[in-house]
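S.K.:
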Amino acid sequence: MGMKLRAWFSRKKKERRFLENGSIFLTELISDCNGKSIPIRSFSSDQIRKATKNFDSSCFVSGDTIYGWFKGIIEDKSYLIKRFPEDRFTENDVGKAYKDSVLSARMSSHSNFLKLVGCCFEFSIPVYVFEYAEHGSLNQRGRIMVNGEETILPWSVRLKIAKEIANALAYLHTAFPKITIHRDVKPAHIFLDKNWTAKLSDLFLAITLPEGKSRIEVEGLAGTMGYIDPIHVNTYFVSEYTDVYSFGVCLLVFLTGSPACDYPKSDGGSRHVVGCVKGLHENGKLDEVIDPMMARDITTGQRLQVEAYVVLALRSCEERDEDRPKMIQVAKELKRIERLEQSLDAIVESSDC
Numbered sequence: 000m001g002m003k004l005r006a007w008f009s010r011k012k013k014e015r016r017f018l019e020n021g022s023i024f025l026t027e028l029i030s031d032c033n034g035k036s037i038p039i040r041s042f043s044s045d046q047i048r049k050a051t052k053n054f055d056s057s058c059f060v061s062g063d064t065i066y067g068w069f070k071g072i073i074e075d076k077s078y079l080i081k082r083f084p085e086d087r088f089t090e091n092d093v094g095k096a097y098k099d100s101v102l103s104a105r106m107s108s109h110s111n112f113l114k115l116v117g118c119c120f121e122f123s124i125p126v127y128v129f130e131y132a133e134h135g136s137l138n139q140r141g142r143i144m145v146n147g148e149e150t151i152l153p154w155s156v157r158l159k160i161a162k163e164i165a166n167a168l169a170y171l172h173t174a175f176p177k178i179t180i181h182r183d184v185k186p187a188h189i190f191l192d193k194n195w196t197a198k199l200s201d202l203f204l205a206i207t208l209p210e211g212k213s214r215i216e217v218e219g220l221a222g223t224m225g226y227i228d229p230i231h232v233n234t235y236f237v238s239e240y241t242d243v244y245s246f247g248v249c250l251l252v253f254l255t256g257s258p259a260c261d262y263p264k265s266d267g268g269s270r271h272v273v274g275c276v277k278g279l280h281e282n283g284k285l286d287e288v289i290d291p292m293m294a295r296d297i298t299t300g301q302r303l304q305v306e307a308y309v310v311l312a313l314r315s316c317e318e319r320d321e322d323r324p325k326m327i328q329v330a331k332e333l334k335r336i337e338r339l340e341q342s343l344d345a346i347v348e349s350s351d352c
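Under numbering that gives the first Met the number 0, the first residue of the sequence shown carries the number 0, and numbering increases by one thereafter.
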């Protein structure tokens, strides 16, 4: 009798959570998507626990103090399952988690955003199910881990990742009447699928500006040290240029293969990648900027790409936001840079004839 009663209470608790969390999510989704149909699948807590072996460490993929990504297999298909910590969440954090999922649903139609597949509302904090990304997320050096070891990505793949994430951010900024700012652009939030297509994720800290506004002042800092726009640090203002700066840092991390803040100083501290690359570039030492693990494989055409790429990255990290390009301009320039090698190859072939 006692076991049956506990099972009954457990079932009722799940039902209550499902109704409460599902109602909040649905209300947010309808409001955000203006009634447009976005198919979202519903998963049970039993499915989620079985898929992740009850969130066992063997299924852990990546994450930080805010959430964890787990690999889960449901009906013979792999997914990325996002779980927020129930014990460390404030009421404000819960609101951000809902916003994260709603924005993810809105962005799922774009090929360079990690697609939200479904949700489980039977936990106190909803658990979200995303498409799987076979190559995982990038680490702080802009590389991927395979069997516990770093895999060095060739320049062409790094440039492709940069171009695709620029497309995603440009879409986030321009595709809707209100500008949405990601606020935490960094390599760890970039996943790669089986075709090496880059997928931007984690809209937990994202903020949507009021219609007609190009920037707003917020109460506290948000983002990751090394990637946070100095203007945001000094003024608490957020604009589309906040993401441009963070993305510019990502560009430099991809190129150098070094973390954003990992250049040693004589006093034992560390220097930022922006200042170091700027100094080397101004002194004509481009070879010292390129990741030594891929430098030997850089062709003549790719070197032209790197030179234009560094200029773009440093422009994106200018101190004044009015000196930075918009993300749509960054995306267009990266497409142009990608074509530079093809143009040079065509010239070489023509001269050989």
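Just so you know, even glycine gets a beta-carbon here, dropped at the ideal spot from N, CA and C.
Kindly identify the DSSP beta-bridge partner or partners of THR150.
M.R.: Its beta-bridge partners are ILE143.
S.K.: Note down, in chain order, each residue of its chain lying with its Cβ closer than 6 Å to the Cβ of TYR131, except the 5 sequence neighbours on either side.
M.R.: Closer than 6 Å at the Cβ level, and outside the excluded window around TYR131, lie SER77, TYR78 and LEU79.
S.K.: So, helix, strand or coil for GLY67, using DSSP?
M.R.: Reduced to three states, the DSSP call for GLY67 is strand.
S.K.: Quick check: the stretch 218-230 against the stretch 94-101, are there 3 or more CB pairs under 8 Å?
M.R.: Flag = no, the stretch 218-230 and the stretch 94-101 do not touch.
S.K.: Which residues does DSSP pair with SER61 in a beta bridge?
M.R.: In DSSP, SER61 forms a bridge with TRP68.
S.K.: In this structure, how does DSSP classify ILE180 when only helix, strand and coil are distinguished?
M.R.: The answer is strand: DSSP assigns ILE180 an E or B state.
S.K.: Run through the DSSP bridge pairs and tell me what SER77 is partnered with.
M.R.: Note: SER77 sits in a beta bridge opposite ILE72.
S.K.: Between the C-alpha atoms of LEU311 and VAL329, what's the straight-line distance to the nearest angstrom?
M.R.: Rounded to whole angstroms, LEU311 to VAL329 spans 7 Å at the Cα level.
S.K.: Near VAL273, which residues of its chain fall below 6 Å by C-beta distance, leaving aside the five closest residues on each side in sequence?
M.R.: Cβ within range, chain order: CYS316.
S.K.: Nearest CA to the CA of ARG142: which residue from LYS177, GLU210, ALA187 and GLY283?
M.R.: If we check each option's Cα against that of ARG142, ALA187 comes out closest.
S.K.: Assign ALA221 to one of three DSSP states: helix, strand, or coil.
M.R.: DSSP places ALA221 in coil when its eight states are reduced to three.
S.K.: Cα separation between PHE17 and THR241?
M.R.: Because the pLDDT at PHE17 is just 41, under 50, the model does not fix this residue reliably, and the value given afterwards should be weighed accordingly. Distance between the alpha carbons of PHE17 and THR241 is about 36 Å.
S.K.: Between the beta-carbon of ILE327 and the beta-carbon of THR179, is there less than 7 Å?
M.R.: Cβ atoms of ILE327 and THR179: not closer than 7 Å.
S.K.: Would you mind stating whether GLN301 and TRP154 have Cβ atoms separated by less than 7 Å?
M.R.: Taking 7 Å as the Cβ cut-off, GLN301 and TRP154 qualify as a contacting pair.
S.K.: Who pairs with THR207 in a beta bridge, going by DSSP?
M.R.: THR207 pairs with THR179.
S.K.: Give the secondary structure of CYS260 by DSSP, where H, G and I count as helix, E and B as strand, and everything else as coil.
M.R.: Reduced to three states, the DSSP call for CYS260 is coil.
S.K.: Going along the chain, which residues of its own chain have a beta-carbon closer than 7 Å to the beta-carbon of PHE69, five neighbours each way excluded?
M.R.: Cβ neighbours of PHE69 beyond the five flanking positions: THR51, PHE54, CYS58, PHE59, VAL60, ILE80 and ARG82.
S.K.: Per DSSP, what kind of secondary structure is CYS316 in: helix, strand or coil?
M.R.: Reduced to three states, the DSSP call for CYS316 is coil.
S.K.: Which class does ILE215 belong to by DSSP, given the choice of helix, strand or coil?
M.R.: Three-state result, ILE215: strand.
S.K.: From ILE160 to LYS177, what distance separates their C-alpha atoms?
M.R.: Near 26 Å, if we compare the C-alpha coordinates of LYS177 and ILE160.
S.K.: Can you give me the start and stop residues for the alpha helix (DSSP H) that GLY247 sits inside?
M.R.: From DSSP, the alpha helix (DSSP H) with GLY247 extends over 239-255.
S.K.: Using DSSP bridges, identify the partner residues of GLU130.
M.R.: GLU130 is bridged to TYR78.
S.K.: Taking the C-alpha atoms as reference points, what is the distance between LEU202 and HIS134?
M.R.: Approximately 20 Å, taken between the alpha carbons.
S.K.: When the Cβ atoms of the stretch 106-123 are set against those of the stretch 190-204, are three or more pairs found closer than 8 Å?
M.R.: Yes: the two stretches touch, three or more of their Cβ pairs being nearer than 8 Å.
S.K.: Buried or exposed: where does PRO229 fall if 16 or more other Cβ atoms within 10 Å of its Cβ makes it buried?
M.R.: The residue is exposed, with fewer than 16 neighbouring Cβ atoms inside 10 Å.
S.K.: CA-CA distance, SER136 and LEU191?
M.R.: Cα to Cα, SER136 sits roughly 6 Å from LEU191.
S.K.: Please confirm whether VAL237 and ILE215 have their CB atoms less than 7 Å apart.
M.R.: Yes, they are a contact pair.
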